[in-house]
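Novice:
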Amino acid sequence: MRASRPALLTLAVATALLASACSSSGGSGSGSGGGSGAGTTLTYWASDQGGSIAQDVKVLTPELNAFTKATGIKVKLEVIGWNDLLNRILAATSSGQGPDLVNIGNTWSASLQATGAFLPISDDVMKQIDGTGRFLPGALAATGAPGQPPVGVPIYSMSYALYYNKAMFQAAGIAQPPTTWDEFVADGKKLTKSGQWGVSVEGAQTPENAHHAFTFSKQQGGSFYDSSGKPTFDTPQNVAGIKQYVDFMAADKIANPSDAEYSNGTEAVKDFATGKAAMLLWQSADATLAQYGMQPSQYGVAPVPFNAAQPSGPSHVDSIVAGINLSVFANTKNKDAALKFMKFMVSKQTQTDLNKAYSSLPSVSDAYTDPAFQTDTVKTLQSVLSTTAAPMPAVATESQFETVIGTALKNLFADAAGGKPVTDQSVAAQLDQAQQQLQAGG
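Per mature numbering (1 follows the signal peptide of the UniProt record, and there is no 0), the sequence shown runs over residues -21 to -1, 1 to 421.
1) Can you tell me which of the three DSSP states ASN82 falls into?
2) Nearest by alpha-carbon distance to LYS172: which of ASP27, GLY254, ALA316, LEU305 is it?
3) Looking at the structure shown, is VAL280 part of a helix, part of a strand, or coil, going by DSSP?
4) ASP103: which of ILE83, ALA96, PRO129 sits nearest, CA to CA?
5) Less than 8 Å between the C-beta atoms of MET371 and THR86, yes or no?
6) Assuming contact is defined by CB atoms lying nearer than 8 Å, are TYR142 and LEU259 in contact in what I supplied?
7) Determine which residues share a DSSP beta bridge with THR159 and list them.
8) So GLY117 is in the alpha helix (DSSP H); what residue range does that whole segment cover?
9) Whose C-alpha, out of LYS37, THR382, ASP394, is nearest the C-alpha of ALA413?
10) Using C-beta distances below 6 Å, list every residue in its chain close to THR214, excluding the 5 sequence neighbours before and after it, in chain order.
11) Is the separation between the beta-carbon of LEU391 and that of VAL225 shorter than 8 Å?
12) Per DSSP, which one or two residues make a beta bridge with ALA20?
13) Leaving out five residues before and five after TYR204 in sequence, what residues of the same chain have Cβ atoms less than 7 Å from its Cβ?
14) Skipping 5 residues on each side, what residues in its chain have a beta carbon closer than 6 Å to that of GLY420?
15) Mind checking whether PRO341 and GLN328 have CB atoms under 8 Å apart?
16) Determine the DSSP secondary structure at GLN262, reduced to helix, strand or coil.
17) Tell me which residue opens and which closes the beta strand (DSSP E) that GLY302 is part of.
18) Using three-state DSSP, classify residue 423 as helix, strand or coil.
19) Return the bridge partner residues of LEU340 from the DSSP annotation.
20) So, is LYS358 buried or exposed, given that buried needs 16 or more other C-beta atoms within 10 angstroms?
21) Would you check if the distance between the CB atom of ILE108 and the CB atom of MET321 is smaller than 8 Å?
22) On a CA-only basis, which of ALA369, GLN149, THR158 is nearest ALA197? Give me that one, please.
23) Out of curiosity, what's the CA-to-CA distance linking GLN409 and TYR139?
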């Protein structure tokens, strides 16, 4: 998933322009056969993928207009920020009062699948949307619990990478991006000076914190759940991984203490883009950087570092398998129309258009023929996704895990910003509290 600003905006998209409908069948609500769904209005909750809600509306509106023109099906769009989206979805699963379709962070897939509120993407549904054999294996793996039909289909794929300011590196005499965390911290100290910090972080953004907690823990050989799905939060490996990340602010002093208050998913990116920080650990940031006026020639993109003694096997991880899935609520009265929209969203042209706009990666293989997905940055992100990225825990409590772990790191960053020591003991105490909250139901 992608962290972004909390906001929402409703937009009724397009007028009803009748044309021959896309082929789709089955289900109830809007009927079946040629022309099925024309005149229907779907409700769609989209995630905030751009630098602002207005940017998302600007990107999505032409695509939704094209869908309406082709099918006669209108789409009522609401873009919802990441700090609100999960709560909105969970409320809808409880009340039954939700949209027809919704974007979900792929890390939430197993949790939302367990609610039973979403249409399983069976083999028959996959055929209806022309998805069979087209999705990238890694993206499709992050669509629910193993052995169960996916809870949605991937539409945007992403991985974390290290973004670095070329001019700042040159001025500091740093010839190449760091490949180990020791080098990262050493470079960060060289780059930290009056009005400039080594790295910018989003210290109060819970999903972002949870993603980094997972990756840093993995590199230490840790895990937040055992093989039976039981939470194991306060292990020495998890403590070491989280302390290593928070120490960028607490001990290494390469992150601005004010970053502890950053929560809307854009502030750290903006600081990097505007020269307030020299490095950034982020998911597919190019489009957002461009919105803040930073040109691709001004920064480099490299894999996230490892420890000096690189772990092997399941610990050789430097990113989550990040991305966004599109899901259909099972109680929709417009199933056929919803599946037509899903088919449209995973079509080659739409995948190309939207992932270009968001600087994310297409989730279908046939979209990669476009030159936009042949750049060095895309190749770096693709390599990470295919070789060193791992999915977040595929457990029913994953979404709660992100909330409680993200909050634990938020509290630790607040301690660091306030000058309070961050120790193994204080990290373990936060993790123990987080596990108790998870086991008590959040």
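Glycine included, each C-beta is placed from N, C-alpha and C at the ideal position.
Specialist: Once the coordinates are examined:
1) In this structure, ASN82 counts as strand in the three-state DSSP scheme.
2) That would be GLY254, whose Cα lies nearest to the Cα of LYS172.
3) Note: VAL280 maps to strand in three-state DSSP.
4) Each of ILE83, ALA96, PRO129 was checked against the Cα of ASP103, and the nearest Cα belongs to PRO129.
5) Yes, they are a contact pair.
6) With contacts defined as CB atoms closer than 8 Å, TYR142 and LEU259 qualify as a contacting pair.
7) For THR159, which the question treats as bridged, DSSP gives the partners PHE285.
8) Run containing GLY117: 116 to 120, per the alpha helix (DSSP H) assignment.
9) Shortest Cα-Cα distance from ALA413 to any of LYS37, THR382, ASP394 involves THR382.
10) Exclusion of the five residues before and after THR214 leaves GLY201 as the residues of its chain whose Cβ lies within less than 6 Å of its Cβ.
11) At the C-beta level, LEU391 and VAL225 come within 8 Å of one another.
12) Sequence check: residue 20 is Thr here, not Ala. Per DSSP, the beta-bridge partners of THR20 are LYS53.
13) Only PRO210, THR211, PRO372, VAL374 meet the Cβ criterion.
14) Excluding residues within five positions, none has a Cβ falling inside 6 Å.
15) Contact: no.
16) Correct three-state label for GLN262: strand.
17) For GLY302, the enclosing beta strand (DSSP E) has its first and last residue at 301 to 307.
18) With the chain represented from -21 up to 421, any question about residue 423 goes unanswered, as that position is not in the structure.
19) Beta-bridge pairing by DSSP links LEU340 to SER136.
20) Counting of Cβ neighbours within 10 angstroms places LYS358 among the exposed residues, the total staying below 16.
21) Less than 8 Å divides the Cβ of ILE108 from the Cβ of MET321.
22) In the sequence on display, residue 197 carries Lys and not Ala. Closest option to LYS197, Cα to Cα, is ALA369.
23) In a straight line, the C-alpha of GLN409 is about 25 Å away from that of TYR139.
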